[in-house]
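Residue numbers (the numbering used here): 261 to 506.
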């Protein structure tokens with residue numbers, strides 16, 4: 261049996277509960293409509309609408325290529341982190357000796373060390389699957405972009421369906437990318453557990469506060485909300501109708 265102390269269980273519960281609660285608030289609660297990720301989905305829709313009016317779409321394929329390259333980078337980093345985790349398992353005895361030689365008191369043993377490292381590896385495996393799937397979705401999104409009808413010649417209803425399909429698939433890719441990136445952030449918090457359970461509680465809270473601020477109280481969130489893509493697109497449509505009348 262793994263020799264977890266009561267404080268270890270409390271810290272691990274806090275870590276898991278904080279992560280799940282944050283995920284629920286950002287992805288499923290009514291507050292999701294105000295976070296940065298959700299607001300950017302509206303801008304994805306405006307992007308697809310604007311793209312349908314362009315005859316040449318090199319800029320759009322370049323954007324998709326950049327998104328794919330960033331996702332591929334994090335997927336590769338996940339594999340490196342998984343390999344590093346197994347290297348940590350192979351160096352358990354050396355790691356324990358290092359902790360014993362530290363001037364600060366760090367309680368650890370083989371079973372406890374291996375349990376922490378295995379949890380870390382599982383997080384990076386989860387992150388890899390999210391980044392890998394996000395990469396595929398961005399690839400599918402590029403196909404929809406290639407098949408998006410030209411606004412001046414397409415049927416209006418058909419165009420709107422195609423635009424929303426491309427935007428929704430791109431948003432889905434972004435969501436899985438965000439889930440993988442979130443795993444990376446919380447994996448950094450887990451390193452605090454290697455020092456002390458109390459440090460895990462503090463590091464988890466710190467990471468959570470940083471992510472909450474970025475999603476709801478950052479300058480980028482304010483800018484994304486201020487642009488109001490849905491209203492902007494409505495104004496664009498209204499101006500187009502007025503120009504057609506004249």
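No residue lacks a Cβ here, since even glycine has one placed at the ideal position from N, Cα and C.
Rounded to whole angstroms, the separation of the alpha carbons of residue 403 and residue 360 is 55 Å.
The alpha carbon of residue 268 has as its nearest neighbour, out of 335, 466, 354 and 372, the alpha carbon of 372. For residue 457, the secondary structure class from DSSP, reduced to helix, strand or coil, is helix. A Cβ-Cβ contact shorter than 8 Å links residue 484 with residue 299. Only exposed fits residue 410, as fewer than 16 other CB atoms lie within 10 angstroms of its CB. Residue environment: residue 413 is assigned as exposed (fewer than 16 neighbouring CB atoms within 10 Å of its CB, all protein chains considered). Counting along the chain, residue 435 sits inside the alpha helix (DSSP H) bounded by residues 416-450. With contacts defined by Cβ atoms closer than 8 Å, residue 450 and residue 275 form a contacting pair.
Under a 10 Å Cβ-count criterion, residue 265 is classified as exposed, with fewer than 16 other Cβ atoms of the shown protein chains found around its own Cβ.
Non-local C-beta neighbours of residue 368 in its own chain, meaning closer than 7 Å and more than five positions away in sequence, comprise 356 and 359, ordered along the chain. For residue 285, the CB contacts under 6 Å within the same chain, skipping 5 residues up- and downstream, are 291 in chain order. Residue 366 carries a coil assignment under DSSP once its states are collapsed to helix, strand and coil. With respect to residue 340, residue 447 sits apart: the two C-beta atoms are not nearer than 8 Å. A direct Cα-to-Cα measurement between residue 352 and residue 325 gives close to 41 Å.
Residue burial annotation: residue 329 is exposed, with fewer than 16 other C-beta atoms found within 10 angstroms of its C-beta.
In the pairwise beta carbon analysis, the segment 417-424 is classified as not touching the segment 449-469: fewer than three pairs are separated by under 8 Å.
Under the 8 Å Cβ criterion, the segment 375-389 does not count as touching the segment 303-315, having fewer than three qualifying pairs.
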